[in-house]
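Residue numbers (my numbering): 11 to 289.
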């Protein structure tokens, strides 16, 4: 899988950078990084408009008084690990856990340690959504026996769930290399209760879980919500992320319609996570 890297420089940067990230997320881009002069955005080749990536955004036509430039390039699959390894620093989720690579020397951290080596998968803990989902896992009063991790990526949330006491974890992703990466990372962390499956919601919709983790994007979450309601045990917990704080009310309204109540909302750098409980 090849990714398209979009570099956007905007002057003035605010409020346009934040608005643009939200709009690009609706147009197929999956991951974002802030820069001093704008943003970096990444999306899968074939899922986005590479000729005009700003189409259908508020910056498709440059507003008066705004200076904007953009350029993009395709990043071949084999380059991702090298780019990641060059930039990846250990990630601490408060005092709960440190997510690190095999080449990091971790000595003084007293909490949980999770070793991750991604292939093409996002999910090293650096992104705000993964960070919030990890924090929320640690702050649950107890971890249910059966856990579903939808859009598992590197498997980091599944690994944390097992280390916190889950007895059976099903990790699902639409990419076969993500499934392979999840099992490799599970082995790195001596986790043996994780089953990784390649596919979408259809391959697990007839199963039951006490906890569902879904760090995907807003549109996928909206389409999955009715399935999650059916798949959860009574009083089960659903954790959602992959969207902005401006999307929270819309998701809460949809969740309430299918039988969820709001337990908790987390925010980090304009991104959000929601913890819901099945009524």
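Glycine is no exception: its CB is placed at the ideal position from the N, C-alpha and C atoms.
- Per DSSP, residue 26 is not a residue of any beta strand (DSSP E); the alpha helix (DSSP H) it occupies stretches across 26-36.
- Counting other Cβ atoms within 10 Å of its Cβ, residue 79 stays below 16 and is therefore classed as exposed.
- Burial is judged here by how many other beta carbons sit within 10 angstroms of a residue's own beta carbon; residue 159 has at least 16 and is buried.
- The C-alpha of residue 228 is placed about 19 Å away from the C-alpha of residue 64.
- Your pair residue 103 and residue 164 does not check out as a contact, with CB atoms roughly 15 Å apart and the cut at 8 Å.
- From the listed residues 252, 220, 22 and 51, the smallest Cα separation to residue 34 is found for 51.
- For the options 262, 285 and 116, the alpha carbon positioned closest to that of residue 273 is the one of 285.
- Counting along the chain, residue 234 sits inside the alpha helix (DSSP H) bounded by residues 228-241.
- Annotated three-state conformation of residue 198 is helix, per DSSP.
- Exclusion of the five residues before and after residue 193 leaves 206 as the residues of its chain whose Cβ lies within less than 7 Å of its Cβ.
- Contact between the stretch 41-56 and the stretch 246-264 is absent, with fewer than three C-beta pairs closer than 8 Å.
- With contact defined as three or more Cβ pairs closer than 8 Å, the stretch 167-175 and the stretch 220-238 are in contact.
- In this structure, residue 241 sits away from residue 283, with a CB-CB distance that is not shorter than 9 Å.
- Check the Cα spacing between residue 113 and each of 124, 107, 231 and 105: the tightest is with 124.
- Per DSSP, residue 168 lies in no beta strand (DSSP E) segment; the continuous alpha helix (DSSP H) that holds it begins and ends at 166-173.
- With respect to the C-alpha of residue 27, the residue from 67, 287 and 12 having the closest C-alpha is 67.
- Exclusion of the five residues before and after residue 60 leaves 14 and 82 as the residues of its chain whose Cβ lies within less than 7 Å of its Cβ.
- In this model, residue 152 and residue 20 are separated by some 45 Å (Cα to Cα).
- Counting only residues of its own chain and dropping the five nearest sequence neighbours on each side, residue 86 has a CB closer than 7 Å to the CB of 12.
- Looking at 149, 101, 46 and 199, the one whose alpha-carbon comes closest to that of residue 23 is 46.
- Here the alpha carbons of residue 176 and residue 154 stand approximately 6 Å from one another.
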